[in-house]
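Numbering (the UniProt record's numbering), first residue to last: 1 to 275.
Here it is, written out as structure tokens:
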């Protein structure tokens with residue numbers, strides 16, 4: 001998720017409620033996506049933890065952004081090819097371990113988690129974990145892959161959780177909403193019933209401000225998209241934003257949530273302070 005480079009508004013007017021998402025936890029004093037980084041989020045009331053899931057060879061949903069531990073631990077090999085026992089032999093910096101999803105959800109029962117399923121196997125293992133915890137409604141699951149998201153929805157439905165656990169939009173669903181926004185918010189209102197015969201519905205669009213595609217930069221977060229989303233009942237969450245001026249500008253635009261590596265700064269913006 002690239003950092004936004006925009007600057008702009010320097011004054012915050014508190015006009016709506018803003019959700020804050022700790023990108024892979026709050027990693028100022030501990031590695032990303034570790035239990036310690038989630039512990040740090042507890043100091044911020046109502047904050048979400050944004051995490052990523054891969055599944056081990058023996059079917060354990062574990063928290064890691066990358067499919068390997070090369071970047072975070074200097075260890076080669078894919079998580080999907082390792083057993084959980086093998087994974088636990090690997091130390092992250094500071095002696096931390098790669099946690100399981102179940103450890104995080106049970107260890108932090110008062111935190112909300114936004115879960116990005118990075119591989120297809122996680123479409124099965126993540127719902128299974130949600131079936132083991134109290135209050136699974138404090139979790140949102142999503143994936144860029146519509147295939148993965150659709151499989152996860154089927155698993156949730158089999159567990160009776162499809163109306164309890166919200167889904168974020170896939171890239172395909174997001175693209176359809178984005179294109180329809182060119183024609184006004186009611187275009188998606190008319191199109192959505194047809195689309196949702198084939199694709200599960202979503203409660204939120206989680207997007208970057210812009211996206212590189214076909215050799216050009218597309219502005220994804222536009223006033224038209226924001227209006228289309230809100231008219232049709234979607235929240236809009238923007239990633240990944242660490243600059244205070246950009247946080248304030250997005251807040252004033254009316255986005256519903258911001259994903260950041262620096263929720264300590266974002267919290268000040270949310271409260272209307274000068275960051």
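Here a beta-carbon is modelled for each residue, glycine too, at the ideal position from N, C-alpha and C.
Where in the stretch 93-174 do unbroken runs of the alpha helix (DSSP H), each at least 4 residues long, occur, reported from the N-terminal end onward?
101-107, 122-130, 146-158
What's the call for residue 251, buried or exposed, on a 16-neighbour Cβ count within 10 Å?
To locate residue 251, count along the chain shown from 1; it is residue 251. Buried, by the Cβ-count rule.
Between 150, 168, 62, which lies nearest to residue 105 when the distance is taken from Cα to Cα?
Your numbering for residue 105 matches position 105 in the chain shown. When each option's Cα is compared against that of residue 105, the closest is 62.
Taking the C-alpha atoms as reference points, what is the distance between residue 159 and residue 127?
Along the chain shown, read from residue 1 onward, the residue named residue 159 stands at position 159. Along the chain shown, read from residue 1 onward, the residue named residue 127 stands at position 127. Roughly 8 Å separates the two Cα atoms.
Whole angstroms is fine: what's the gap from residue 186's alpha carbon to residue 25's?
As a first step, residue 186 must be located in the chain shown, where it is residue number 186. As a first step, residue 25 must be located in the chain shown, where it is residue number 25. If you take the alpha carbons of residue 186 and residue 25, they lie about 37 Å apart.
If you run the structure through DSSP and keep just helix, strand and coil, what is residue 234?
Here residue 234 is taken as the residue at index 234 of the chain shown, counted from 1. Coil, per DSSP.
For residue 217, which residues in the same chain have their Cβ closer than 6 Å to its Cβ, ignoring the five residues on either side in sequence?
For this step, residue 217 is matched to residue 217 along the chain shown. Excluding positions up to five away in sequence, the list reads 210.
Coil, strand or helix - residue 185 by DSSP
In the chain shown, residue 185 corresponds to position 185, counting from 1. Note: residue 185 maps to helix in three-state DSSP.
Buried or exposed for residue 47, going by 16 or more other Cβ atoms inside 10 Å?
On the chain shown, position 47 is the one that residue 47 refers to. By the neighbour-count rule (16 or more Cβ atoms within 10 Å), residue 47 is buried.
Are the CB atoms of residue 168 and residue 123 within a distance shorter than 7 Å?
Counting from 1 along the chain shown, the entry for residue 123 is found at position 123. Counting from 1 along the chain shown, the entry for residue 168 is found at position 168. Contact flag unset, no.
Go ahead and pull the three-state DSSP assignment for residue 52.
Here residue 52 refers to the residue found at position 52 of the chain shown. Three-state result, residue 52: strand.
Residue 205, DSSP secondary structure in three states
Within the chain shown, numbered from 1, the residue matching residue 205 stands at position 205. Reduced to three states, the DSSP call for residue 205 is strand.
Measuring straight from C-alpha to C-alpha, what distance separates residue 58 and residue 69?
Position 58 of the chain shown, counting from 1, holds the residue named residue 58. Position 69 of the chain shown, counting from 1, holds the residue named residue 69. Each residue's alpha carbon lies about 17 Å from the other.
Tell me which residues share the same chain as residue 112 and place their Cβ nearer than 6 Å to its Cβ, disregarding the 5 neighbours each side in the sequence.
Start at 1 with the first residue of the chain shown, and residue 112 comes out as number 112. Closer than 6 Å at the Cβ level, and outside the excluded window around residue 112, lie 48, 138.
Go through its chain and collect everything with a Cβ distance to residue 148's Cβ below 6 Å, but skip five positions before and after it.
As a position in the chain shown, residue 148 is number 148, starting the count at 1. Contacts found: 117, 120, 123.
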